[in-house]
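> Below: one structure in C-alpha cells.
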Amino acid sequence: MQSTRTFKDKVFLVLKGLGMGAANKVPGVSGGVVAFVAGFYEEFIYSLQKVNGKAFKLLINGRYKSFYQYINGRFLSLLFLGMVVSYFSISKILDYLIKHYELYVWSVFFGMIIGSIYYISKDFKDWNYRTTLSLIIGIMVGLSISFLDPATENDNLFFVFFCGIISVAGMTLPGFSGSFILIILGNYVLLLVDSVNALYDTFAQIITGDFSFVNNLERMRMLKVLAVFTIGSVVGLVTFSHILNYILKHYKSITIAAIIGFIVGSLGVVWPWKKTIFKTQNNGEFVLDSTGRQIIENYKRFIPELNSTTYNAIGFIVLGIIIVLALEIYGQKTRKIHE
Numbered sequence: 002m003q004s005t006r007t008f009k010d011k012v013f014l015v016l017k018g019l020g021m022g023a024a025n026k027v028p029g030v031s032g033g034v035v036a037f038v039a040g041f042y043e044e045f046i047y048s049l050q051k052v053n054g055k056a057f058k059l060l061i062n063g064r065y066k067s068f069y070q071y072i073n074g075r076f077l078s079l080l081f082l083g084m085v086v087s088y089f090s091i092s093k094i095l096d097y098l099i100k101h102y103e104l105y106v107w108s109v110f111f112g113m114i115i116g117s118i119y120y121i122s123k124d125f126k127d128w129n130y131r132t133t134l135s136l137i138i139g140i141m142v143g144l145s146i147s148f149l150d151p152a153t154e155n156d157n158l159f160f161v162f163f164c165g166i167i168s169v170a171g172m173t174l175p176g177f178s179g180s181f182i183l184i185i186l187g188n189y190v191l192l193l194v195d196s197v198n199a200l201y202d203t204f205a206q207i208i209t210g211d212f213s214f215v216n217n218l219e220r221m222r223m224l225k226v227l228a229v230f231t232i233g234s235v236v237g238l239v240t241f242s243h244i245l246n247y248i249l250k251h252y253k254s255i256t257i258a259a260i261i262g263f264i265v266g267s268l269g270v271v272w273p274w275k276k277t278i279f280k281t282q283n284n285g286e287f288v289l290d291s292t293g294r295q296i297i298e299n300y301k302r303f304i305p306e307l308n309s310t311t312y313n314a315i316g317f318i319v320l321g322i323i324i325v326l327a328l329e330i331y332g333q334k335t336r337k338i339h340e
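Residues 2 to 340 in this note's numbering are what the sequence shown lists, from first letter to last.
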C-alpha cells in the first residue's frame with residue numbers, strides 16, 4: 002500500500018488532512034466523506050488497521066523504522082498533521098463563518114454531500130436485494146439520527162471516553178457525523194470547543210514561559226477531559242478501522258451501499274434552511290451550560306422563500322458540488338500516477 006510520493010503529493014495529503022479535520026468539526030459533515038471522495042479512504046482504513054499487536058511488538062523492541070514503515074507512517078503522519086493544524090486554525094475560521102454566514106456555510110456542505118453521493122454511487126453497479134436493503138437501512142439510520150433530541154452536557158470521564166470512541170466514527174464511516182453525534186450526546190461544546198480552546202490557551206502560555214495554568218482547576222479539568230477524549234478517539238479509530246477493513250474485504254458491496262445510505266440520510270442534518278432551537282425552562286428562560294452558553298435542543302427545518310438570499314445559497318450549493326467534483330478529478334489523476 003505504500004508508494005513513493007512527490008513533494009506535491011505530500012502537500013496535498015496535508016491539505017486533505019486539513020479537510021478531514023475541518024469536516025469532523027462541523028456537525029452533520031463526515032471526515033470520512035472527504036477521504037472517500039479524495040480517493041484515499043481504503044489506504045486510510047488499511048493503514049489504521051496495521052496498528053495491531055505486531056506493530057506494538059516492533060515498537061517495544063525498539064525497531065522504530067520498521068514500525069513506521071509497517072503502519073504506513075508517512076501517510077498517517079502527514080494526514081494527522083493536517084488534522085491537528087485544522088483544529089487550531091481552519092476549524093476556528095469555520096466557527097466564525099458559521100456564526101456570521103451560517104446559511105452559506107451549510108449550503109456549501111449540502112452541495113458537497115450531494116456531490117459525494119454522485120461520486121460514490123456513479124460507479125456502483127452491484128445492486129441487488131441485499132445492497133438495496135443495506136441502502137434503505139443506511140438512509141433510515143442517517144435520517145433518524147438527525148431528528149434525535151440532544152442530551153445535557155456530561156463530563157464524567159467514562160462517558161467522555163465513550164464519546165471519543167463514538168465521535169471518531171465520522172472519520173472512518175462516511176456519512177456518519179461524529180460531531181453531530183456529540184451534539185446528540187450533549188458534549189459537543191465541552192469536547193470540540195471548550196477543551197480544544199483550553200489546550201490552545203495552555204500552549205500559548207507555555208510558549209511565553211507562563212505555567213500558572215497548573216493552579217487553574219478549571220483549566221486542568223478541561224485538559225484532563227481532552228486527554229481522556231483523545232484516548233477514546235484513538236481506541237475508537239483503531240477499533241473501527243479493523244472492523245471496517247474486515248467488512249470492506251468480505252462485504253464490500255453491502256458496505257458501500259450502506260455508506261451511500263448514511264450519506265443520503267445525512268442530508269437532513271445539513272439542510273441549509275433551518276432555525277436553531279435552544280432548550281428553555283418552563284418559565285421560557287434559556288437553559289445554559291456551565292460556560293453560560295445556550296444549549297441546542299434541535300433544529301427546525303423549513304422550505305425557503307425564493308429571494309436573493311435563497312439564490313445565493315443555491316449558488317453556494319453548486320459551489321459545494323464543484324468542490325467535490327474537483328476533488329474527484331484530482332483523485333483520479335493521483336491514482337493514475339501511482340498505478
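All C-beta atoms, glycine included, are put in the ideal place defined by N, C-alpha and C.
From a predicted model like this one, the values you see are computed outputs, not experimental measurements.
1. Please list the segments of the alpha helix (DSSP H) lying wholly inside the stretch 13-75, counting only runs of 4 or more residues, in order along the chain.
2. Could you please give the first and the last residue of the uninterrupted beta strand (DSSP E) stretch that includes T277?
3. Give me the Cα-Cα distance between K26 and R131, rounded to the nearest whole angstrom.
4. Can you tell me whether I207 is buried or exposed? The criterion is at least 16 other CB atoms within 10 Å of its CB, across all chains shown.
5. According to the neighbour-count rule (16 or more other Cβ atoms, all chains shown, within 10 Å of its Cβ), is T7 buried or exposed?
6. Can we say the stretch 119-139 touches the stretch 238-248, given the rule of at least three CB pairs closer than 8 Å?
7. Would you say the stretch 103-113 touches the stretch 312-326, given that touching needs at least three Cβ pairs under 8 Å?
8. The alpha helix (DSSP H) with F303 in it runs from where to where?
9. Taking the alpha helix (DSSP H) that T209 belongs to, which residues open and close that run?
10. In three-state terms, what does DSSP make of F81?
11. Can you tell me whether F287 is helix, strand or coil according to DSSP?
12. Less than 7 Å separating the beta-carbons of G266 and I140?
13. According to the neighbour-count rule (16 or more other Cβ atoms, all chains shown, within 10 Å of its Cβ), is S90 buried or exposed?
14. Is it buried or exposed, V34, if we count other Cβ atoms within 10 angstroms and call 16 or more buried?
15. How close, in whole Å, do the beta carbons of I115 and I261 come, if the pair is a contact with beta carbons under 8 Å?
16. Classify P341: buried if its beta carbon has 16 or more other beta carbons within 10 angstroms, exposed otherwise.
17. Using 10 angstroms around the beta-carbon of D211, count the other beta-carbons present and answer buried if the total reaches 16, otherwise exposed.
18. By the DSSP assignment, the alpha helix (DSSP H) with T7 in it spans what residues?
19. With a 10 Å radius around its C-beta and 16 neighbouring C-beta atoms as the bar for buried, classify A327 as buried or exposed.
20. Three Cβ pairs or more, each shorter than 8 Å: is that satisfied between the stretch 271-286 and the stretch 74-88?
21. In this structure, does DSSP put S242 in helix, strand or coil?
22. Between which two residues does the alpha helix (DSSP H) containing E154 stretch?
23. Does the stretch 235-243 come close enough to the stretch 47-57 that 3 or more CB-CB pairs lie under 8 Å?
24. Please list the segments of the alpha helix (DSSP H) lying wholly inside the stretch 110-198, counting only runs of 4 or more residues, in order along the chain.
25. Is it buried or exposed for S135, if we count other Cβ within 10 angstroms and need 16 for buried?
26. So the alpha helix (DSSP H) V265 belongs to, where does it begin and stop?
27. In this structure, does DSSP put A327 in helix, strand or coil?
28. Contact check, M21 vs M84 under 8 Å by CB: the rounded distance?
29. CA-CA distance, I61 and E43?
30. Of the choices S48, Y88 and S87, whose alpha-carbon is the least far from that of Y69?
31. For S342, which residues from the same chain have a beta carbon less than 8 Å from its beta carbon, with the 5 sequence-adjacent residues on both sides left out?
32. With DSSP run on the structure shown, which of helix, strand or coil describes W107?
33. Go ahead and pull the three-state DSSP assignment for L320.
Quick answer:
1. 32-38, 42-50, 54-61 and 65-71
2. Along the sequence shown, read from residue 1 onward, the residue named residue 277 stands at position 276. Its beta strand (DSSP E) spans residues K275 to F279.
3. Working through the sequence shown from its first residue, we reach residue 26 at position 25. Working through the sequence shown from its first residue, we reach residue 131 at position 130. Rounded to the nearest angstrom, the two C-alpha atoms are 33 Å apart.
4. Numbered from its first residue, the sequence shown carries residue 207 at position 206. Only exposed fits I207, as fewer than 16 other CB atoms lie within 10 angstroms of its CB.
5. Within the sequence shown, the letter at position 6 stands for residue 7. Classification for T7: exposed.
6. no
7. They touch, by the three-pair rule.
8. Residue numbering aside, residue 303 sits at position 302 when the sequence shown is read from its first letter. Run containing F303: none; DSSP gives neither H nor E here.
9. For the purposes of this step, residue 209 is identified with residue 208 of the sequence shown, where counting begins at 1. Segment: none, T209 is in no alpha helix (DSSP H) and carries neither H nor E.
10. Counting from one through the sequence shown, the residue named residue 81 turns up at place 80. Correct three-state label for F81: helix.
11. As a first step, residue 287 is located in the sequence shown; it is residue number 286 there, counting from the start. Strand.
12. The residue given as residue 266 occupies position 265 in the sequence shown. The residue given as residue 140 occupies position 139 in the sequence shown. In this structure, I140 lies closer than 7 Å to G266 by Cβ.
13. Position 89 of the sequence shown, counted from the first residue, corresponds to residue 90. Exposed, since its Cβ has fewer than 16 Cβ neighbours within 10 Å.
14. Here the question's residue 34 lines up with position 33 in the sequence shown. It is buried - the Cβ of V34 has at least 16 other Cβ atoms within 10 Å.
15. Against the sequence shown, residue 115 aligns to sequence position 114. Against the sequence shown, residue 261 aligns to sequence position 260. About 12 Å separates the two Cβ atoms, so there is no contact after all.
16. The structure shown does not extend to residue 341, since the chain is modelled only from 2 to 340, so the question has no answer here.
17. Here the question's residue 211 lines up with position 210 in the sequence shown. Label assigned to D211: exposed.
18. In the sequence shown, residue 7 corresponds to position 6, counting from 1. DSSP places T7 outside any alpha helix (DSSP H), giving it a letter other than H or E.
19. Position 326 of the sequence shown, counting from 1, holds the residue named residue 327. Answer is exposed; the Cβ neighbour count stays below 16.
20. no
21. For the purposes of this step, residue 242 is identified with residue 241 of the sequence shown, where counting begins at 1. Helix at S242.
22. Mapped onto the sequence shown, residue 154 falls at position 153. Where E154 is concerned, there is no enclosing alpha helix (DSSP H), given that its DSSP letter is neither H nor E.
23. Taking 8 Å as the limit for Cβ pairs, the verdict is that the stretch 235-243 does touch the stretch 47-57.
24. 130-147, 158-168, 170-173 and 179-186
25. Reading the sequence shown from its first residue, position 134 is the one you call residue 135. So S135 counts as buried.
26. By one-based count along the sequence shown, residue 265 stands at place 264. Run containing V265: K253 to S267, per the alpha helix (DSSP H) assignment.
27. Locating residue 327 in the sequence shown gives position 326, where the first residue counts as 1. Note: A327 maps to helix in three-state DSSP.
28. Within the sequence shown, numbered from 1, the residue matching residue 21 stands at position 20. Within the sequence shown, numbered from 1, the residue matching residue 84 stands at position 83. Indeed, because the Cβ distance is near 6 Å, the residues count as touching under 8 Å.
29. Residue numbering aside, residue 61 sits at position 60 when the sequence shown is read from its first letter. Residue numbering aside, residue 43 sits at position 42 when the sequence shown is read from its first letter. Straight-line Cα distance between these residues: approximately 28 Å.
30. Here residue 69 is taken as the residue at index 68 of the sequence shown, counted from 1. The shortest Cα separation from Y69 among S48, Y88 and S87 belongs to S48.
31. Lying outside 2 to 340, the shown extent of the chain, residue 342 is not represented and no answer is given.
32. Here the question's residue 107 lines up with position 106 in the sequence shown. Three-state DSSP puts W107 in a helix.
33. Numbered from 1 along the sequence shown, position 319 holds the residue referred to as residue 320. Helix, per DSSP.
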